[in-house]
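*Asks:*
Number of protein chains: 2
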Amino acid sequence: MNTTIKEIARKANVSLGTVDRVIHDRGKVAKKTKDKILKILEETGYKPNIYARGLVLNKSYTIAALIPDYNKGDYWELPSLGLNSAAQHLSQYNIKLEYFHFDQNNPDCFKEKSHVLLRSNPDGVIIAPVVNFEASYLCKKLNHLKIPFSFIDSKMEETEYMSFIGQDSFQSGKLAAKLINSLVYEKGKILIISIRNNSEFNKTLQKRIEGFNYFFEELDSAQKLEIEEFSIDQNISNWDKELKEILKSRNASGVYVPSSTVYHVARIIEDSQLKIKLVGNDLIKKNIQYIASGIIDYVIGQRPEQQGYLAFDNFYKYLITGQKVTRDNYLPLDIVTKENLYYYK
Amino acid sequence: MNTTIKEIARKANVSLGTVDRVIHDRGKVAKKTKDKILKILEETGYKPNIYARGLVLNKSYTIAALIPDYNKGDYWELPSLGLNSAAQHLSQYNIKLEYFHFDQNNPDCFKEKSHVLLRSNPDGVIIAPVVNFEASYLCKKLNHLKIPFSFIDSKMEETEYMSFIGQDSFQSGKLAAKLINSLVYEKGKILIISIRNNSEFNKTLQKRIEGFNYFFEELDSAQKLEIEEFSIDQNISNWDKELKEILKSRNASGVYVPSSTVYHVARIIEDSQLKIKLVGNDLIKKNIQYIASGIIDYVIGQRPEQQGYLAFDNFYKYLITGQKVTRDNYLPLDIVTKENLYYYK
DNA sequence: ACATATAATGTGCACGTACACATTGATATA
DNA sequence: TATATCAATGTGTACGTGCACATTATATGT
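Just so you know, the protein sequences line up as chains A and B, in that order.
With full-length UniProt numbering, the residue at position 21 of the first sequence is 21, and numbering never jumps.
With full-length UniProt numbering, the residue at position 194 of the second sequence is 194, and numbering never jumps.
(1) Checking contacts by CB at 8 Å: is Lys-207/B closer than that to chain A?
(2) For the region 276-295 of chain B against the region 119-132 of chain B, do three or more pairs of beta-carbon atoms, one drawn from each stretch, fall closer than 8 Å, so that the two count as touching?
(3) At what residues does the alpha helix (DSSP H) containing Asn-71/B begin and finish?
(4) Can you pull the chain B residues whose beta carbon is under 7 Å from the beta carbon of Gln-307/A, in chain order?
(5) Is it the case that the Cβ atoms of Tyr-93/A and Ile-291/A are separated by a distance below 8 Å?
(6) Check the Cβ of Leu-331/A against every Cβ in chain B and list those closer than 8 Å, keeping chain order.
(7) What does Asp-233/B pair with, by DSSP beta-bridge criteria?
(8) Is DSSP giving Ser-259/A helix, strand or coil here?
(9) Quick check: what's the CA-CA separation for Glu-98/A versus Ile-63/A?
(10) Assuming contact is defined by CB atoms lying nearer than 8 Å, are Gln-167/B and Gln-302/B in contact in what I supplied?
(11) Which residue from Glu-245/A, Ala-177/A, Leu-118/A and Ser-194/A puts its Cα closest to that of Phe-215/A?
(12) Please classify His-115/B as buried or exposed, where buried requires at least 16 neighbouring CB atoms within 10 angstroms.
(13) Since Gly-308/A and Ala-30/A should fall inside the 8 Å C-beta cutoff, what is the C-beta to C-beta distance between them, to a whole number of angstroms?
(14) I think Ile-190/B touches Leu-225/B, with their Cβ atoms under 8 Å apart; what is that distance to the nearest whole Å?
(15) Going by beta-carbon coordinates alone, are Leu-78/B and Ile-284/B separated by less than 8 Å?
(16) Between which two residues does the alpha helix (DSSP H) carrying Lys-111/A extend?
(17) Tell me whether the beta-carbon of residue 352/B lies closer than 8 Å to the beta-carbon of Val-325/B.
(18) If you count every other CB in all the chains shown that lies within 10 Å of the CB of Ser-260/A, and 16 or more means buried, which is it?
(19) Check the Cβ-Cβ distances between Asn-84/B and every residue of chain A, and say whether any is below 8 Å.
(20) Anything in the UniProt domain "HTH lacI-type" (3-57) of chain B with a Cβ closer than 9 Å to a Cβ of chain A? List those residues in chain order, please.
(21) According to the neighbour-count rule (16 or more other Cβ atoms, all chains shown, within 10 Å of its Cβ), is Val-279/B buried or exposed?
(22) If you measure between the beta carbons of Ile-180/B and Lys-277/B, is that distance less than 8 Å?
(23) On the premise that Gly-73/B lies in contact with Val-184/B, defined as a C-beta separation below 8 Å, what is that separation, rounded to the nearest angstrom?
(24) For His-24/A, name the three-state secondary structure that DSSP assigns.
(25) Between the alpha carbons of Leu-118/A and Asn-84/A, how many angstroms are there, rounded?
(26) So, at 6 Å on beta carbons, what are the nonlocal neighbours of Asp-282/A in its own chain, with the 5 sequence-adjacent residues on each side left out?
(27) Mapping the DSSP letters down to three states, classify residue 365/B as helix, strand or coil.
(28) In chain order, what residues of the same chain have a beta carbon less than 7 Å from the beta carbon of Leu-142/A, not counting five sequence neighbours either side?
(29) Please check the pair Phe-212/A and Tyr-161/A, which I expect to be a contact at CB under 8 Å, by giving their CB distance rounded to whole angstroms.
(30) Tell me, please, whether the region 225-234 of chain A touches the region 265-276 of chain A by the rule of three or more beta-carbon pairs shorter than 8 Å.
(31) Let me know the alpha helix (DSSP H) ranges lying completely inside the UniProt domain "HTH lacI-type" (3-57) of chain B, each 4 residues or longer, listed in chain order.
(32) Quick one: which residues of the region 253-285 of chain B get their C-beta closer than 7 Å to a C-beta of chain A? List them in chain order.
(33) Alpha carbon to alpha carbon, how far is Ala-135/B from Pro-129/B?
(34) Around the C-beta of residue 346/B, are 16 or more other C-beta atoms found within 10 angstroms, so that it is buried, or is it exposed?
(35) Taking CB distances under 8 Å as the criterion, tell me whether Asp-334/A reaches chain B.
(36) List the endpoints of the continuous beta strand (DSSP E) containing Ser-163/A.
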């Protein structure tokens, strides 16, 4: 049983109200009395009862999530699942989640949604900063309004974010390289194929490729494999044919796709019965079937659901329980393959 | 703002007490009234206010953990870390953790500690059932006393446990086989070396080995590798020499140690500068250095800290928030290697 | 019809906190 | 001396729930 305000008051020979004023530093207490009460608080290690506190405050918090729009089976569905799950678990604490979806290909859309978001006056904001410049503006605004915000997936160093939840892209690429290397085993050529669905410069992709190349640069030159890099834009017609052409003509032993769109390559490998080892990212539905059948050899997961869950949970911790929040949260790089696929789903 | 019992009562034209009886299924309510109230509860999606609930109950719960004794750096330190972390996070909810450590090699010790545990009259029990027969007796007792209990690490199917948190040992072995297979790549011999620190039959070890063998049985006979099995008892003097002898004489390309004691093999490989690929289990401190240096190629992790955290958290959920608890919780089989080691630590 | 048992329903209190409001005591001013 | 001022302290209420206890309605037996 913890000490209560009542006990403190009895020990100090004052009323509940006086203790209350000291605890909340509301003033109107004689210095002598205040010191006496503070001392007793210290000695007894008083901690407010969170139930009574929660009951009497009974505030309703709203967390806004500024996340890319998605179709079923896309990557961004997964962080949303985690966000939803956390929101549901914590709904009894009167903390709610509100989405503001934007089109990844349209920076204006991000800007517009930012404004709508700000007008809703949330108690916290979760941002997926895929559109850098506009996000920077939003962060400044939030900072000014003293609304705490978190990044998910990737972060913007120069802002005063409360927390970041994501992965280390460079290391992800390095790990992919190691896996490919163990698969093709000293013979053959390797392709890096980026399949982008927007024309923008993408930090995450870039860093993964850097990490991938770094791994091979560090190897003995004897073990080095030939690497070729390709970039395909899904907005261009016939991108599918082009991809097929590359896969068939280059006589590659292994392919690395540094994004969740690796299933496109898997489909072609399956259809054309090519003998190519394949490594990609993310455990999305469209990839799962190819992992199960062994066409995708390895996928590197980044626990997107957990990312979503943590992002929301951090606001609960911060706003409701008043706990400190870890600022940078790097989640493990999960290696997923046929044999351990089941327990990651 | 969520609906309250008061509102439900007003809508149903009854008193608070009647609604309360329906919610807690305490009987003494006319069927007609009960149905009416149930319908309203359903419609409004009533959820009890956790603060008010906690305030009025304000019980102090004690969870007992019956876990093997350990030295620093041993496997069982890790679930304890998770348990402690959960206990600390949830301390404000008046739920405490009390350990009862036993000696793995001494079934009598388990029995004795079981009795001490029962006398402490806990509100929930977490059991690591490494001593099967004695655990069975304890479970029956707990069942009779209506004290809920959970298993961690491995489970006993025939008991009425509240939840289990652990891994799929068979699949763990299968995954290890796949990794070894990709490492030695169609040439050479593979050894399975069990290093036991107690003389007892160990279910987990057995199942991992079964899974390991199963993987190779399923391969085309052309790709099959020669496999030899060894078992070493650490209680026998000179076990270290024997191990060294095996590693040096058998001309193996790969070794699988189906437990956390893989670091013993790693040490010998390092000292004797052998060229043997090595796969084992668990991310304990003694293994980490060998993963970092690449002597252990892969380790399969089972998130022991998370196991501990979940085990405790499940009791919080069950006893305090009244939520339903998932009965079987299989954690992912993490593949840990030099390149992704950092983010698993 | 009446007493009595029992089923059904209602009432009141406690939990610990936050905050609005009320009261007390001391000092200064007319 | 009476009164206004203001600092210091005290009191009361609400939050929503769980449970003990009180009350009312209905059925049963004589």
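Cβ coordinates follow ideal geometry from the N, Cα and C atoms, glycine included.
*Replies:* On the basis of the data shown:
(1) no
(2) No, they do not touch.
(3) For Asn-71/B, no alpha helix (DSSP H) run applies, since DSSP gives it neither H nor E.
(4) Going along chain B, no residue has its Cβ under 7 Å from Gln-307/A, so there is no contact; the nearest lies around 13 Å.
(5) no
(6) Tyr-343
(7) Arg-196/B
(8) Secondary structure at Ser-259/A: coil, using DSSP grouped into helix, strand and coil.
(9) 6 Å
(10) Yes, Cβ-Cβ distance for Gln-167/B and Gln-302/B is below 8 Å.
(11) Ala-177/A
(12) exposed
(13) 50 Å between Cβ atoms; not a contact.
(14) 5 Å
(15) yes
(16) Note, Lys-111/A: alpha helix (DSSP H), 107-119.
(17) Chain B is shown from 1 up to 345; residue 352/B falls before or after that span and cannot be answered.
(18) buried
(19) no
(20) Lys-47, Pro-48, Asn-49, Ile-50, Tyr-51, Ala-52, Arg-53, Gly-54, Leu-55, Val-56 and Leu-57
(21) By the Cβ neighbour-count rule, Val-279/B is buried, with 16 or more other Cβ atoms within 10 Å of its own.
(22) yes
(23) Going by Cβ atoms, the distance from Val-184/B to Gly-73/B rounds to 29 Å, so no, they are not a contact pair.
(24) Note: His-24/A maps to coil in three-state DSSP.
(25) 21 Å
(26) Tyr-75 and Ser-260
(27) Not covered by the structure: residue 365/B. The range shown for chain B is 1 to 345.
(28) Val-125 and Phe-149
(29) No, Phe-212/A and Tyr-161/A are not in contact; Cβ-Cβ is about 28 Å, not under 8 Å.
(30) no
(31) Every alpha helix (DSSP H) stretch that sits fully inside the UniProt domain "HTH lacI-type" (3-57) of chain B and reaches 4 residues is listed by chain position as 5-12, 16-23, 31-44 and 50-57.
(32) none
(33) 6 Å
(34) As displayed, chain B neither begins before 1 nor continues past 345, which places residue 346/B out of reach and without an answer.
(35) yes
(36) Note, Ser-163/A: beta strand (DSSP E), 163-166.
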